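What follows is a short report on a single structure.
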Amino acid sequence: MSTFFAYAVLFCYLVNPICSIVQLKSGSSSFPDSPARFSRGLNGSIICGGLRLADPLDACSSLLNEVEYSDAESATIALIVRGKCAFEEKIRNAQEAGFRAAIVYDDQRNHNLISMMGNPEGIRIYAVFVSNVAGEILREHAQAVGDECCIISVLDETAWTVLVISFISVLAVMSLLATIFFTYNHWRTSKKTKPVVDVKVFDILPSITFGSQNLISHIGETCVICLEDYKYGENLKVLPCQHDFHASCVKSWLTKWATFCPICKHDIRT
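According to mature numbering (1 follows the signal peptide of the UniProt record, and there is no 0), the sequence shown holds residues -20 to -1, 1 to 250 in order.
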């Protein structure tokens, strides 16, 4: 069950990569987010601080906000709207303005969360992406003096590593089981469809007793199926091609494996 859960969570991550949430410190609202691929990672931690609107809101130029960057637990978080320039440019401008984290919200409604891409070199702040609805709500709170929010890590990178390993393990086991199943199914199907001789047809084949006078025309002394020499009094079966075998050996051959003579390959049905 735990492996299945890991597989399901990883699948959801691939469809919509959420591993943290943005929550108003008052606890009134929380929103899923998608961390930037190029920013500093939370790795199981939490960052809280005052939420302020970037000026300009799109953060495509140097911000007019005056914020002193701090590594303290409580700092200032910039709220930025998507569009007009690259995500990396927005985050670098927020960092240069002194923000410790940045929340970029979508400029369009009903869009899925995306992973912001960029060059990680020199990026020291946290950055996440939220939906348009979340952004509009956060924007209202950012305009209120003293309102704060937190970016909370839900699942750190180590946990994702475990999930990836679990996913690969499940995939490997499923592949192995599928291979075994299809191999067995093919073997069973081919066995069922293999042409064999009906027992009733076999029973009407001529029978002779080794050592009797009827064996004059049959010079074989060894059954080529089991490679055992014939013994006096043993029951033999003679095929239409005049080759003889132990009755039990050739019965198994014809009713389970093939319809032809083991020696000359003559099909007894023709």
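We put the beta carbon where it would ideally sit given N, CA and C, even for glycine.
These numbers come from a predicted model, not from an experiment.
query                                                                                                                                                            : result
Around the C-beta of I57, are 16 or more other C-beta atoms found within 10 angstroms, so that it is buried, or is it exposed?                                   : buried
Which word fits G29, buried or exposed, when buried means at least 16 other C-beta atoms lie within 10 angstroms of its C-beta?                                  : buried
Can you tell me whether D183 is helix, strand or coil according to DSSP?                                                                                         : helix
Report the partner residues of Q3 according to the DSSP bridge assignment.                                                                                       : S10 and C130
Does DSSP put R104 in a helix, a strand or coil?                                                                                                                 : coil
Going by Cα to Cα distance, which pick from I71, S8 and D13 is closest to I132?                                                                                  : D13
Does the beta-carbon of E68 have 16 or more other beta-carbons within 10 angstroms, so that it is buried, or is it exposed?                                      : buried
Within its chain, find whatever has a CB closer than 6 Å to the CB of residue 270; leave out the 5 residues flanking it on each side and keep chain order.       : Since the displayed the chain opens at -20 and closes at 250, residue 270 lies outside it and no answer follows.
Report buried or exposed for V144, applying the criterion of at least 16 other Cβ atoms within 10 angstroms of its Cβ.                                           : exposed
Look up N215 in the DSSP assignment and give the residues it is bridged to.                                                                                      : T189
Which term fits A55, buried or exposed, when burial requires 16 or more other beta carbons within 10 angstroms of its beta carbon?                               : buried
What residues are listed by DSSP as bridge partners for V22?                                                                                                     : First, the residue type needs correcting, since residue 22 is Leu and not Val in the sequence shown. L22 is not bridged to any residue.
Name the two residues that bound the continuous alpha helix (DSSP H) containing V113.                                                                            : N112 to A122
For a test of the three-state rule: what should DSSP assign to C229, helix, strand or coil?                                                                      : helix
In chain order, what residues of the same chain have a beta carbon less than 7 Å from the beta carbon of V47, not counting five sequence neighbours either side? : T56, A77, G78 and F79
Let me check understanding here. Comparing Cα to Cα, which of I71, G98, G115 and A81 lies closest to S91?                                                        : The residue asked about is misnamed: residue 91 is His in this sequence, not Ser. Nearest C-alpha to H91: G115.
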